[in-house]
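Quick note, the sequences are listed as chains L and A, same order.
Counted the way this note's numbering counts, the first sequence spans residues 1 to 312.
Counted the way this note's numbering counts, the second sequence spans residues 1001 to 1380.
From the three backbone atoms N, C-alpha and C, an ideal C-beta is built for every residue, glycine too.
In what follows, a structure is listed as C-alpha cells, so that the remarks can point back to it.
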Amino acid sequence: MLMMSIGQFDVKPAKAGFVAKCSEALRRGLSRPPSSSATHPTLSTNHNLEENPVKIVVCMKETPSTTVEKSFGPDMRIERRKEDAVINPFDEYTIEEGLRQQEKHAGSEVIALCMGPATATDNIRRALAMGADRGVLVTDPALAGSDAIGTARVLAAALKQIGFDLALFGSAAADAYGGVVPSAVAEFLGMPLLSFAGKLDIDGSTARIERQAEVGYQVAEASMPALVSVVKSINEPRYPSMKGIMQAKKKPIDTLTLANLGLDADTVGAAGAREEALSAEKVTAQRKGEIYMGNEGAADRIVAFLVEQKVL
Amino acid sequence: MDFTLNDEQRMIRDMCREFAEEEIKPKAEELDRTAAFPYEIIQKMAKLGLLGLPFPEEYGGAGADFLTYCVALEEIGRGDASVGITMEAHTSLGATPFALFGSEEQKREYLTPLAQGEQLWSFGLTEPNAGSDSAGTETHAELEDGYWRINGAKSFITNAGTDMTGGVTITAVTGKQPDGHKEITNLIVPKGTPGYIIGAAYHKMGWRASDTRPLSFEDCHVPDENRLGERGDGFRQFMTILNMGRIAISALNVGLAQACFDESLKYSRERRQFGKPIKSFQAIQFKLADMATEIELSRLMYYKAAWLHMQGQPFTKEASMAKLFSSETAKRCADQAVQIHGGYGFMDEYPVSRFWRNVKVHEIGEGTSEVQRMLIAKNL
C-alpha cells in the first residue's frame, strides 16, 4: 500500500568527471523541462529573501536519547522515560531545513508538529527555541502503542487540518528505524513525497530535491503541497540561541486530540496497530581484537593495519 | 521553597551542556597546550547570545536572570575553565559595570556591543602593589581641562588583550575624601587610547587559553565623559561588581568540580584492578560520594546567593561563602580525580591533570579564600 509519487526525474552524478558520460546517457531516456538543465552546476535558483512565503510543517518525534541505556517492556517496545526524551536526532535536520527555507523565503511560517505524550511540549519548545513559529502537539491516551501506519494516519489528519505547502520529515526515527512514516503519510494524503533529500530548493510552487545515490544524485521535483524527507547531509542543525529560548515560551503550542482530528480510537494506537513486535533483543557490543605476537612480525602488521585504517 | 529551575533555565542549561560537550570539550586539551585564545568558540558563543545573558534585550542582551547566567556559566566551565573564565570576566567584570552604573549613552555605546558579543571588555582593579588590599590602589588620574590624565599599572587583567577586546574599565585614585581615605573613580579606557599600553600575555599554570595581561598607563588621557558614574563612587561600584562576580565564579567552580567528578566516574567504571572495575572498591566509592556531596552543596550555595541577589536582599556573606566553599570543593575534587586516575592522572593524556593545574587559581582569582574568610567573618 505504500507508494511514492514522484515528479520528474533527473540523475546527475556527483563526480564531475562522470557527468558527461553518465548524465547524457541518462538524460536521453528521460523527459524533463529544459529549465532544469544539467548544465547548471547546482539547482538553487532561489535568492535570499525572495517573496515566496511557504507554509512549512516540520514533523518531529520524541525518541529516547541515544546515550541512555535502553530496555524493552513486556510488549517488546522500548521503555520510554520522560527525562530521557529528546527530539529524534534525524528531526533536528528537518527543523533546521524548515528554518533555512523560512530564511530564504520571507514571510514563511514554520510549524513544529509532534505526536506524543503531553510532556512532549518540552521538546516542541526546543524546536520553537531553534526558531519555529508555533507548535502543534497531537496527544491522546488512545495513541499509545501506535505503529508506523497508525502514526502516519494521525500525522496525515493533523497535516490536513493545519494546512501546508511543504511538510518535512526526518528519514527515520532513531528508536525504531522503520522509515515508512513519510511515505505512508504521503499515501494517506495522496500527495507527492520527495524522499531522502540531501538538498531542497523551493522555486515558485515547485519543490525540488537532490537525492544522493551511490554513483551520483537524482533530482526530483514536485508541485506543492508536497512532502519531503531529509537526510543528515542536508544541513548542520543550529543550537537554540539564548534569545530563541527566552522567546520560545511566548510562542503558542496547540494541542489536538483524536476527537479534534475526527479519528476513531480503534484505527490508531495499540488497538489499530497491525504491526506486532514478535521479539526484541539487545545488541551486544562485540569487542573484536587481534593480538599480534612480537615474533610474528607484529610491528609490520600493526603498521599495515594503521595504513589500512588511514591513521598513517 | 522551590529548588526547581524554570523551563528557560533548564533549556539554557541543557543547551550550554550540549554546546560544551560538542564544541568546547573536544578542543580543551589543544587550547591548554597551545595557550591559544579560543576565538572560534567565543564567536560561536557570541552568536548564540551567551556573552550577554543577563543584560536587557534593549541593549543586545538575552534578558535572562542572574541565576540563569550562573547556571550557563557552570555548564560552559564544565567544558573548559579557560572558556568559562573568559565568559565570566567579560560578563561579570567587563559588561556588568556598564549595565549597573553606566549612563544611557554609555550603555548604548559600550554595553550593546558587549552584550551582543561583538567585543570583549575587561576590568582593571588588581595592581602590582594592590591585590587583596584594593585600598592600596596606586594608579591615579587627575582631571585637567575636561580630560583625566591616568598614570599607573594593573596586573592579571583578563580579556584585556584579545583581538576582540574593546577596552578596560579601571579603578583610579582621583583625590582624597574628607575622611582621608582615597577617592576612587572608575574610568573607561578604550583600546588604542594613546598612553594605554597592553603588556604581553602572562605564561600561566592554568586557564592557559584565557587572555591575561599586565597593563600600564603613561599620561593616558580620556575625556571626563569616560567616567563611570559619579566621581568617588569607584569603591562602591567595584565592591558590588566583585560581590556579584563571586557568585558567578562559584558557578565556574562547580563546573570544574563537576568535570572532575565526570571524569572520575567514567574512569572508575573502565579501569580494572584486582579483576574488577575500581568503582567496585569502597575506597573509590567513598571518594566519589564525597565529591558528589560537596558539589551538590556548592551548587545549592551559589543558587541561594544568586536567589538572594535577585530578591534584592543582602548577599555579600553568602556570595563569599559560596565562593570559598566551591573553590575549595573544586580543589579537593581535582585532587581526588588525579588520585583516582593514579599514574595516568599525572599524565597529560587524561584531562584531570589539566583540571588540577586549573583549579589553583580558583582559590585566588576574584578574592582569595583568605579574603573570603575575612568578608564572612566581618558579616557574622
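Distance, Cα to Cα, residue i vs residue j?
{"i": "residue 1327 of chain A", "j": "residue 95 of chain L", "result": "41 Å"}
{"i": "residue 117 of chain L", "j": "residue 144 of chain L", "result": "8 Å"}
{"i": "residue 253 of chain L", "j": "residue 1131 of chain A", "result": "53 Å"}
{"i": "residue 75 of chain L", "j": "residue 87 of chain L", "result": "23 Å"}
{"i": "residue 71 of chain L", "j": "residue 1320 of chain A", "result": "45 Å"}
{"i": "residue 40 of chain L", "j": "residue 219 of chain L", "result": "Residue placement at residue 40 of chain L is poorly supported in this model, since its pLDDT is 35, which falls under 50; the coordinates still yield a value, given next. Cα-Cα distance, rounded: 12 Å."}
{"i": "residue 1381 of chain A", "j": "residue 1289 of chain A", "result": "Here chain A has residues from 1001 to 1380 only, and residue 1381 of chain A is not among them."}
{"i": "residue 1282 of chain A", "j": "residue 110 of chain L", "result": "54 Å"}
{"i": "residue 140 of chain L", "j": "residue 257 of chain L", "result": "5 Å"}
{"i": "residue 1386 of chain A", "j": "residue 1016 of chain A", "result": "Summary: the structure shown does not reach residue 1386 of chain A, with chain A confined to residues 1001 through 1380, and so no result is reported for it."}
{"i": "residue 1054 of chain A", "j": "residue 1137 of chain A", "result": "29 Å"}
{"i": "residue 1372 of chain A", "j": "residue 1069 of chain A", "result": "22 Å"}
{"i": "residue 217 of chain L", "j": "residue 181 of chain L", "result": "23 Å"}
{"i": "residue 1277 of chain A", "j": "residue 113 of chain L", "result": "45 Å"}
{"i": "residue 244 of chain L", "j": "residue 1067 of chain A", "result": "18 Å"}
{"i": "residue 1013 of chain A", "j": "residue 228 of chain L", "result": "33 Å"}
{"i": "residue 185 of chain L", "j": "residue 1046 of chain A", "result": "40 Å"}
{"i": "residue 102 of chain L", "j": "residue 93 of chain L", "result": "14 Å"}
{"i": "residue 1127 of chain A", "j": "residue 1090 of chain A", "result": "19 Å"}
{"i": "residue 235 of chain L", "j": "residue 170 of chain L", "result": "12 Å"}
{"i": "residue 202 of chain L", "j": "residue 193 of chain L", "result": "14 Å"}
Are the C-beta of residue i and some C-beta of chain A separated by less than 8 Å?
{"i": "residue 171 of chain L", "result": "no"}
{"i": "residue 32 of chain L", "result": "Caution applies to residue 32 of chain L, whose pLDDT of 38 falls short of 50 and renders its modelled position unreliable; the model cannot decide the point."}
{"i": "residue 240 of chain L", "result": "yes"}
{"i": "residue 246 of chain L", "result": "yes"}
{"i": "residue 81 of chain L", "result": "no"}
{"i": "residue 251 of chain L", "result": "no"}
{"i": "residue 129 of chain L", "result": "yes"}
{"i": "residue 100 of chain L", "result": "no"}
{"i": "residue 61 of chain L", "result": "no"}
{"i": "residue 232 of chain L", "result": "no"}
{"i": "residue 125 of chain L", "result": "yes"}
{"i": "residue 160 of chain L", "result": "no"}
Once the 5 residues before and after residue i are set aside, which same chain residues still bring their CB inside 6 Å of it?
{"i": "residue 189 of chain L", "result": "156"}
{"i": "residue 173 of chain L", "result": "61, 63, 88"}
{"i": "residue 1226 of chain A", "result": "1187, 1188"}
{"i": "residue 1148 of chain A", "result": "1141, 1187, 1222"}
{"i": "residue 98 of chain L", "result": "56, 58, 110, 168"}
{"i": "residue 52 of chain L", "result": "105"}
{"i": "residue 1257 of chain A", "result": "1295, 1329, 1330, 1333"}
{"i": "residue 263 of chain L", "result": "157"}
{"i": "residue 125 of chain L", "result": "248"}
Within its chain, find whatever has a CB closer than 7 Å to the CB of residue i; leave out the 5 residues flanking it on each side and keep chain order.
{"i": "residue 1162 of chain A", "result": "1037, 1120, 1211"}
{"i": "residue 1267 of chain A", "result": "1340, 1341"}
{"i": "residue 1031 of chain A", "result": "1038, 1080, 1082, 1209"}
{"i": "residue 298 of chain L", "result": "292"}
{"i": "residue 1309 of chain A", "result": "1066, 1244, 1247, 1315"}
Report the neighbours of residue i on chain B: residues whose CB is nearer than 8 Å to its CB, in chain order.
{"i": "residue 1019 of chain A", "result": "Note that chain B does not occur in the displayed structure, where the protein chains are L and A."}
State yes or no: is the beta carbon of residue i nearer than 8 Å to at least one beta carbon in chain L?
{"i": "residue 1050 of chain A", "result": "yes"}
{"i": "residue 1164 of chain A", "result": "no"}
{"i": "residue 1124 of chain A", "result": "no"}
{"i": "residue 1011 of chain A", "result": "yes"}
{"i": "residue 1275 of chain A", "result": "no"}
{"i": "residue 1053 of chain A", "result": "yes"}
{"i": "residue 1248 of chain A", "result": "no"}
{"i": "residue 1074 of chain A", "result": "no"}
{"i": "residue 1063 of chain A", "result": "yes"}
{"i": "residue 1087 of chain A", "result": "no"}
Note down, in chain order, each residue of its chain lying with its Cβ closer than 8 Å to the Cβ of residue i, except the 5 sequence neighbours on either side.
{"i": "residue 212 of chain L", "result": "14, 196, 198, 231, 233"}
{"i": "residue 237 of chain L", "result": "92, 93, 95, 96, 130"}
{"i": "residue 1232 of chain A", "result": "1174, 1175, 1177, 1183, 1184, 1185"}
{"i": "residue 48 of chain L", "result": "Note that residue 48 of chain L has pLDDT 45, beneath the 50 cutoff, so the model's placement of it is unreliable and no number is given."}
Practice task
Examine the Cβ distances between the segment 1116-1123 of chain A and the segment 1157-1173 of chain A and report whether three or more of them are shorter than 8 Å.
Solution key: Yes, the segment 1116-1123 of chain A touches the segment 1157-1173 of chain A.
Exercise for the section: Could you pull out every unbroken alpha helix (DSSP H) segment of at least 4 residues lying fully inside the segment 1069-1107 of chain A, listed in chain order? Expected result: If you keep only unbroken alpha helix (DSSP H) runs of at least 4 residues inside the segment 1069-1107 of chain A, you get 1081-1088, 1096-1101.
Practice task
Kindly provide the ranges of any beta strand (DSSP E) runs that are 3 or more residues long and lie completely inside the segment 190-223 of chain L, ordered along the chain.
Solution key: Here the runs fully enclosed are 193-197, 199-203, 206-212, 217-223.
Practice task
Tell me, please, whether the segment 1288-1296 of chain A touches the segment 1359-1366 of chain A by the rule of three or more beta-carbon pairs shorter than 8 Å.
Solution key: Too few Cβ pairs lie closer than 8 Å, so no.
Exercise for the section: Count the C-beta pairs between the segment 1065-1083 of chain A and the segment 1246-1255 of chain A that are closer than 8 Å, then say yes if the count reaches three, no if not. Expected result: At 8 Å Cβ cutoff, the stretches touch.
Problem - Runs of alpha helix (DSSP H) lying entirely within the segment 128-179 of chain L, each at least 4 residues, in chain order - result: DSSP runs (the alpha helix (DSSP H)) wholly in the segment 128-179 of chain L: 148-162.
Practice task
Take every Cβ of the segment 1096-1112 of chain A, pair it with every Cβ of the segment 1182-1198 of chain A, and state whether three or more of those distances are shorter than 8 Å.
Solution key: Using a C-beta cut-off of 8 Å, the segment 1096-1112 of chain A makes contact with the segment 1182-1198 of chain A, since at least three inter-stretch Cβ pairs fall below that distance.
Practice task
List in chain order: all unbroken beta strand (DSSP E) runs of 3+ residues lying wholly within the segment 1003-1054 of chain A.
Solution key: Counting whole runs of 3 or more residues, the segment 1003-1054 of chain A contains no beta strand (DSSP E) stretch at all.
Handout entry: the segment 1110-1119 of chain A touching the segment 1238-1247 of chain A, judged by at least three CB pairs closer than 8 Å
Key = Too few Cβ pairs lie closer than 8 Å, so no.
Practice task
Give, in chain order, every unbroken run of the beta strand (DSSP E) that is at least 3 residues long and sits entirely within the segment 1155-1193 of chain A.
Solution key: The segment 1155-1193 of chain A contains, as complete beta strand (DSSP E) runs of 3+ residues, the segments 1165-1176, 1182-1190 (chain order).
Problem - alpha helix (DSSP H) segments (min. 4 residues) lying fully within the segment 1233-1303 of chain A - result: You should have 1234-1270.
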